[in-house]
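Undergrad: Submitted below is the structure of interest, expressed as structure tokens.
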Amino acid sequence: MPRSATYQQPEVVHKLCEPCTKRRLERYCKFPNQVPPPYLIPMIDEFCGNCGGTDSISTADLVWVNVHGCGSTGLPVGFAIRFQLRESDREAYLKHWGTPYLRMQACPSCGLPAWVIQFNEDLYLRCAHCRCYRPQLLDEDYFARDRARRARRLLRE
Ligand SMILES: [Zn+2]
Ligand SMILES: [Zn+2]
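So for the sequence shown, our numbering puts the first residue at 11; every next one is plus one.
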């Protein structure tokens, strides 16, 4: 079966603290184009900066899983991010929805690390600091325009 265009391994794999990641992802079950998934703190030198723990998972383990409501309609109620799936299941989910935490880059707005979130064909930027979460805004130009717009708005107030 041909791979769909959305299937992509994380470009750079980051280690994440397993218990902290689990806790942060626990309550997330949303439509990712509307509600950003949580910012995950990558481990540094094998240690979690949050709890000091060393149990890790990799960004390559994380997948979007569509969650259906109970009852007969079976309509999707959102997407959760899961790990610890069987290899074959993990690949299937990746092919369907892409890689939740694709890579990190400096946020063009504040310069701090931000996640590039992939969902379907779209990329979003999830920065811990300025909470920007917008599709396809990964180019400098956009942020320059955005800063100019914000500045103009401030001048008008
Ligand atoms: Zn931790
Ligand atoms: Zn930022």
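For glycine and all other residues, C-beta sits at the position ideal for the given N, C-alpha and C.
Could you tell me which residues DSSP pairs with Trp125 in its beta bridges?
TA: Here the question's residue 125 lines up with position 115 in the sequence shown. Answer is Met114, Arg136, bridged to Trp125.
Undergrad: Please report how far the alpha carbon of Arg33 lies from the alpha carbon of Tyr134, in whole angstroms.
TA: Taking the sequence shown and counting its residues from 1, the one referred to as residue 33 is at position 23. Taking the sequence shown and counting its residues from 1, the one referred to as residue 134 is at position 124. Taking the straight line joining both Cα atoms gives about 22 Å.
Undergrad: Work out the CA separation of His24 and Thr69 for me, nearest whole Å.
TA: In the sequence shown, the residue the question calls residue 69 occupies position 59. In the sequence shown, the residue the question calls residue 24 occupies position 14. Going from the Cα of Thr69 to the Cα of His24 covers about 5 Å.
Undergrad: Taking DSSP's pairing of strands, which residues face Ser68 in a bridge?
TA: Here residue 68 corresponds to residue number 58 of the sequence shown, with the count starting at 1. Paired residues: Lys25.
Undergrad: Determine the DSSP secondary structure at Arg37, reduced to helix, strand or coil.
TA: The residue given as residue 37 occupies position 27 in the sequence shown. Coil, per DSSP.
Undergrad: CB-CB under 7 Å to Phe41, same chain, minus the five flanking residues each way: which ones, in chain order?
TA: The residue given as residue 41 occupies position 31 in the sequence shown. Cβ within range, chain order: Gly88, Phe89.
Undergrad: Rounded to whole angstroms, what's the CA-CA distance from Glu56 to Pro29? Just pull it up for me.
TA: The sequence position of residue 56 within the sequence shown is 46, counting from 1. The sequence position of residue 29 within the sequence shown is 19, counting from 1. Going by the C-alpha atoms only, they are around 14 Å apart.
Undergrad: Mark Cys140 as exposed unless 16 or more other C-beta atoms lie within 10 angstroms of its C-beta, in which case mark it buried.
TA: The residue labelled residue 140 in the question sits at position 130 within the sequence shown. With fewer than 16 Cβ atoms within 10 Å of its Cβ, Cys140 is classed as exposed.
Undergrad: Quick check: the Cα distance between Arg136 and Phe129, rounded to an integer number of angstroms?
TA: As a working note, residue 136 is residue 126 in the sequence shown. As a working note, residue 129 is residue 119 in the sequence shown. Roughly 12 Å separates the two Cα atoms.
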